[in-house]
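Asker: Under the working numbering, the first residue of the sequence shown carries the number 632, and numbering increases by one thereafter. Glycine included, each C-beta is placed from N, C-alpha and C at the ideal position. Because the structure is a prediction, the values reported are computed rather than measured.
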Amino acid sequence: MTFRSFDPNTLEPRQMAMLFQSLIVPRPVAWVSTLSAEDVPNLAAFSYFNAGSTLPPLVMFSIGVHRDGRTKDTLNNLREVPEFVLHIANSALIAQVEITGTEFAPEVNEFAEARLTPLPSELVRPARIAEAPAALECQVLELHPMPVGKSTLVIGQVLRLHVRADLPTDSLWVDTLALDPISRLARKDYGKLGSMADGQTLAEKFQREGVPDSD
Ligand SMILES: Cc1cc2nc3c(=O)[nH]c(=O)nc-3n(C[C@H](O)[C@H](O)[C@H](O)COP(=O)(O)O)c2cc1C
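#1: Using a threshold of 8 Å, state whether the C-beta atoms of Val660 and Arg791 are closer than that.
#2: I'd like to confirm something about Lys703: is its beta-carbon nearer than 7 Å to some heavy atom of ligand 1, or not?
#3: Measuring alpha carbon to alpha carbon, tell me which residue in Ala668, Glu714, Phe837 is nearest Pro737.
#4: On a CA-only basis, which of Ser678, Val739, Arg701 is nearest His718? Give me that one, please.
#5: Using the Cα positions of Ala834 and Phe680, report the straight-line distance between them to the nearest angstrom.
#6: Quick one: Cα of Ser802 to Cα of Thr832, how far?
#7: Which residue wins for smallest C-alpha separation from Asn721, given the options Ala763, Ser782, Glu840, Thr800?
#8: So, at 8 Å on beta carbons, what are the nonlocal neighbours of Pro672 in its own chain, with the 5 sequence-adjacent residues on each side left out?
#9: How about Glu768 and Leu747: are their beta carbons less than 8 Å apart?
#10: When we look at the beta-carbon of Ala761 and count the other beta-carbons within 10 Å, is it buried (16 or more) or exposed?
#11: Give, in chain order, every unbroken run of the alpha helix (DSSP H) that is at least 4 residues long and sits entirely within the region 708 to 732.
#12: Judging by CA-CA distance, which residue of Ile813, Ile786, Leu706 is the nearest neighbour of Met691?
Structural data, given as structure tokens:
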């Protein structure tokens, strides 16, 4: 087997983005609502995102800078109003996620641009997106500059979780296929859930029968 190997130090920024964003896939999408000090709502999408801990529930996502080096509105807002709502988007919402992930002037209300319905949150000032199947109301614990580069890691604590009531649950396991979460892939591609594999069943079969023949 041969491999093509790359040194990040010699790649153009665009080349690095191509490799990184096509290899680290699928990436969950945080659809984030924030509010400016002037009360202008903002929505943006972040796929450098994941859960940080369960107890207490923490989320983390990373905000880069615009190509010209300007700070993104989401970070400006979090510095002014350190609260946000992080939504899980489903496949019916891909167009709106994409629209809110493009650049608008700070005074533009992106709920209106993407024709989304704001719902008041219970514990934080930014509004929730009514159309999203799940929403996590969060307070900022840290806005942590990455040790190198210009990105900022946001660490937030989840204060309230909202799950659309028609989603089937088994105890509190929300049905993954019904949630229908999207992920970000390379370029402008999004992933929808395909088939799933039960790791426990496969591991037990492996222990019984050994390494499966590759097709
Ligand atoms: C699906 C998706 C994922 C994105 N992921 C990130 C990300 O992880 N980090 C980032 O800085 N920008 C990301 N972007 C781009 C931002 O959403 C975009 O720069 C947006 O305009 C920022 O908005 P703001 O200036 O209102 O904060 C993503 C966009 C989309 C559509």
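Answerer: Taking the definition as stated:
#1: Val660 is not a Cβ neighbour of Arg791, given a cutoff of 8 Å.
#2: Relative to the non-hydrogen atoms of ligand 1, the Cβ of Lys703 comes within a distance shorter than 7 Å of at least one.
#3: Ranked by Cα distance from Pro737, the options Ala668, Glu714, Phe837 are led by Ala668.
#4: The shortest C-alpha to C-alpha distance from His718 to any of Ser678, Val739, Arg701 is the one to Ser678.
#5: For Ala834 and Phe680, the distance between alpha carbons rounds to 28 Å.
#6: Taking the straight line from one Cα to the other gives about 21 Å.
#7: The shortest CA-to-CA distance from Asn721 to any of Ala763, Ser782, Glu840, Thr800 is the one to Ala763.
#8: The answer, listed in chain order, is Ser664, Thr665, Leu666, Asn740, Glu741, Phe742, Pro749, Pro757, Ala758.
#9: Their beta carbons are not under 8 Å apart, which means Glu768 does not touch Leu747 by this criterion.
#10: The residue in question, Ala761, is exposed, as its Cβ has fewer than 16 Cβ neighbours within 10 Å.
#11: Entirely contained in the region 708 to 732, the alpha helix (DSSP H) runs reaching 4 residues are, in chain order, 725 to 731.
#12: For Met691, the nearest C-alpha among the options comes from Ile786.
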